[in-house]
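Residues -20 to -1, 1 to 219 in mature numbering (1 follows the signal peptide of the UniProt record, and there is no 0) are what the sequence shown lists, from first letter to last. What follows is one structure encoded as structure tokens, with my remarks underneath.
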Amino acid sequence: MRSLALLLGVKAACILLVSSLSGTGAVNNSGRWWGIVNVASSSNLLSNSKNVQLVLDPSLALLSRRQRRLIRQNPGILHAIAAGLHTAIKECKWQFRNRRWNCPTTHSPAIFGKMVNRGCRETAFVFAITSAGVTHAVARSCSEGAIESCTCDYRRRGPGGPDWHWGGCSDNVDFGRMFSREFVDSSERGRDLRYLINLHNNEAGRMISLELNTPQPCLTYRKMVLMLHDWDQYPPRKT
């Protein structure tokens, strides 16, 4: 088992961008989908014959039309998205626990409040960590068989030995990153600076999965220690 310290946003490809835009002129539906962390409970989910979570009401008002379509096309994935958001929020609260802004959340659809309409480093981190959380959770759920449209990534196998064969079920990193890009980025509207910066920070969050097998230093904003297992899996988060 190896450990790799990845940091979220200062230089190079992993840099987080902070927008100077603030106020109603730059506001869109960015981050509206985060509110599903409060509504994607057992009352909104069903289990099919394979015990895979299905969406009971795919027309959740917090999601865009494209996001609802993605959920319908990938039964079981809403549960993974909600789990990824829970992980992201927990990580955010941990990273900012000793700061004036300590990642407070509410039970309303706007879980981070009006902070997301401001151009600040905390906003940049929230966009990156929520994108990373969805990527992580979807990739892991694929390997667990919880999503009907994806499976393990059997291509990621190491060399065997004289007395053993490579086994296990690797997380589907590629599917997780692809779905996160389609789902998370589809909540952005417009072509202004805020739009481009939000997309950049979303991608910065997904970057944490790019170098799991060949670790490279990545200068960033917030420190997260990722544990690499013998299988090509995403590292477990803190419990």
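Backbone N, C-alpha and C fix where the C-beta goes; we use that ideal spot for every residue, glycine too.
- Excluding five sequence positions before and after C122, the CB atoms of its chain that fall closer than 8 Å to its own CB belong to C130, T131, C132, D133, D151, N152, F155 and G156, given in chain order.
- An exposed status is given to N82, since fewer than 16 other beta-carbon atoms sit within 10 Å of its beta-carbon.
- For the pair of segments examined, the stretch 64 to 81 was found to touch the stretch 110 to 121: the number of CB pairs separated by less than 8 Å reaches three.
- One thing to note: V96 has its Cβ no nearer than 8 Å to the Cβ of A62.
- By the C-beta density criterion, N78 is exposed, having fewer than 16 other C-beta atoms within 10 angstroms.
- In the structure shown, N82 adopts coil according to DSSP, grouped into three states.
- Around the beta carbon of H87, a 10 Å sphere encloses fewer than 16 other beta carbons of the protein chains shown; the residue is thus reported as exposed.
- A check of alpha carbon separations from C72 across N54, F163, R45 and T103 identifies T103 as the nearest.
- Contact annotation, S167 with R12: C-beta distance approximately 6 Å; criterion of less than 8 Å satisfied.
- The three-state secondary structure of I127, taken from DSSP, is coil.
- The beta carbon of R46 lies closer than 7 Å to those of S166 in the same chain, with the five residues before and after it left out.
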